[in-house]
Ligand code: SF4
Ligand code: SF4
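Residue numbers (the working numbering): 94 to 291.
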């Protein structure tokens, strides 16, 4: 299956796992994530990454690198144009598999708005329930929840193991999207009910 098919794949379908794809020359996770041997900041390319080639210390790379596998490598229907270094973003696993988390390259923050990505991401965002409850964008540590009609910027989570609640509610007589950080007990008191449109 590919995105040239008439119907975009559902998230359940992208979750089909076979043999992981090889990373090829992609090094995007070595830039956008805080992985690597020396605790580098997310957004800075690891000193051992060779762009278009890969990791120069691959056999001895640290455990936090070995432990990361982006969704593109695992999802057969995501074709070559979704390889993270070509797309300009990666899709990262979340503890809740019904969330799609898109980690943006700070040098290409609008890459996800290009096609064929934007239509597919909006399709996921429109589902609103299992198999996809929500789509999250991550940029510079911030969390943005994507709805078909809005993007709600929640800012930087205090808890690295943050949870998000989102959906629709009636405010001022209109059905409007909401999103907020939550903890295991439910919504946090300092909820963010509205975000700004980016
Ligand atoms: S972002 Fe994905 S494809 Fe690219 S190097 Fe990391 S795991 Fe491999
Ligand atoms: S050590 Fe290798 S795999 Fe790990 S972040 Fe650096 S380049 Fe990437």
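Just so it is clear, CB atoms sit at the ideal spot from N, CA and C, and this is done for glycine as well. Computed from a predicted model, the values in this text were never measured in an experiment.
Residues around ligand 2, please: the ones whose beta-carbon is closer than 5 Å to some heavy atom of it, in chain order. 123, 128, 129, 139, 141, 142, 148, 154 and 158
Per-residue DSSP class, three states only, for residue 214
Locating residue 214 in the chain shown gives position 121, counting from the first residue. Reduced to three states, the DSSP call for residue 214 is helix.
Q: Give the range of the beta strand (DSSP E) segment to which residue 272 is assigned.
A: Counting from one through the chain shown, the residue named residue 272 turns up at place 179. 267-276 is the extent of the beta strand (DSSP E) around residue 272.
Which stretch, first to last residue, makes up the beta strand (DSSP E) that contains residue 256?
-> Sequence index remark: in the chain shown, residue 256 carries index 163 (1-based). Residue 256 -> beta strand (DSSP E) spans 256-264.
So who's on the other strand from residue 235, going by DSSP bridges?
Counting from 1 along the chain shown, the entry for residue 235 is found at position 142. Answer by DSSP bridge pairing, in chain order: 232.
(Q) With a threshold of 6 Å on Cβ separation, who are the neighbours of residue 129 within its own chain once the five nearest residues in sequence on each side are excluded? (A) Taking the chain shown and counting its residues from 1, one reaches residue 129 at position 36. Once the five neighbours on either side are set aside, the close Cβ partners of residue 129 are 139.
Considering just the uninterrupted stretch of the beta strand (DSSP E) at residue 246, what are its terminal residues?
Here residue 246 refers to the residue found at position 153 when the chain shown is read from its first residue. Residues 244-248.
Quiz item: Cβ-heavy atom distance between residue 113 and ligand 1 below 6 Å?
Solution: As a first step, residue 113 must be located in the chain shown, where it is residue number 20. Checking the Cβ of residue 113 against ligand 1 gives no.
Can residue 121 be considered in contact with ligand 1, in the sense that its beta carbon sits closer than 6 Å to one or more heavy atoms? Residue numbering aside, residue 121 sits at position 28 when the chain shown is read from its first letter. Residue 121: yes, Cβ under 6 Å from ligand 1.
Tell me the residue span of the beta strand (DSSP E) that contains residue 125.
One-based indexing of the chain shown puts residue 125 at position 32. Segment 122-125 is the alpha helix (DSSP H) holding residue 125; no beta strand (DSSP E) there.
Candidates 154, 205 and 185, of which the one nearest residue 167 by Cα: Counting from 1 along the chain shown, the entry for residue 167 is found at position 74. Measuring from the Cα of residue 167, the nearest candidate turns out to be 185.
| said: Please determine whether the Cβ atom of residue 135 lies at a distance below 6 Å from any heavy atom of ligand 1. | reply: Counted from its first residue, the chain shown places residue 135 at position 42. Checking every heavy atom of ligand 1 against the Cβ of residue 135, none is found closer than 6 Å.
- residue 227, buried or exposed, once every other Cβ within 10 Å from all chains shown has been counted against 16: What you label residue 227 is simply residue 134 of the chain shown in a count that begins at 1. For residue 227, the number of other beta carbons within 10 angstroms of its own is at least 16, and it is reported as buried.
* Asked: Is residue 205 buried or exposed, if buried means 16 or more other CB atoms sit within 10 Å of its CB?
  -> Taking the chain shown and counting its residues from 1, the one referred to as residue 205 is at position 112. Burial is judged here by how many other beta carbons sit within 10 angstroms of a residue's own beta carbon; residue 205 has at least 16 and is buried.
Here's a check: name, in chain order, each residue in its chain whose Cβ is nearer than 8 Å to the Cβ of residue 113, leaving out the five neighbours to either side.
Start at 1 with the first residue of the chain shown, and residue 113 comes out as number 20. Contacts found: 162, 166 and 167.
Check residue 208 in the structure and name its three-state DSSP category. Walking along the chain shown from the start, residue 208 turns up at place 115. Coil.
Query raised in the report: Roughly how many whole angstroms lie between the Cα atoms of residue 249 and residue 234?
Result: Within the chain shown, numbered from 1, the residue matching residue 249 stands at position 156. Within the chain shown, numbered from 1, the residue matching residue 234 stands at position 141. Residue 249 and residue 234 have their C-alpha atoms roughly 6 Å apart.
Query - Reduced DSSP category for residue 129 - H, G, I as helix; E, B as strand; rest coil - result: On the chain shown, position 36 is the one that residue 129 refers to. It is coil, neither helix nor strand.
Original post:
Can we count residue 177 as close to ligand 1, meaning its CB is less than 6 Å from some heavy atom?
Top reply: Position 84 of the chain shown, counting from 1, holds the residue named residue 177. Checking the Cβ of residue 177 against ligand 1 gives yes.
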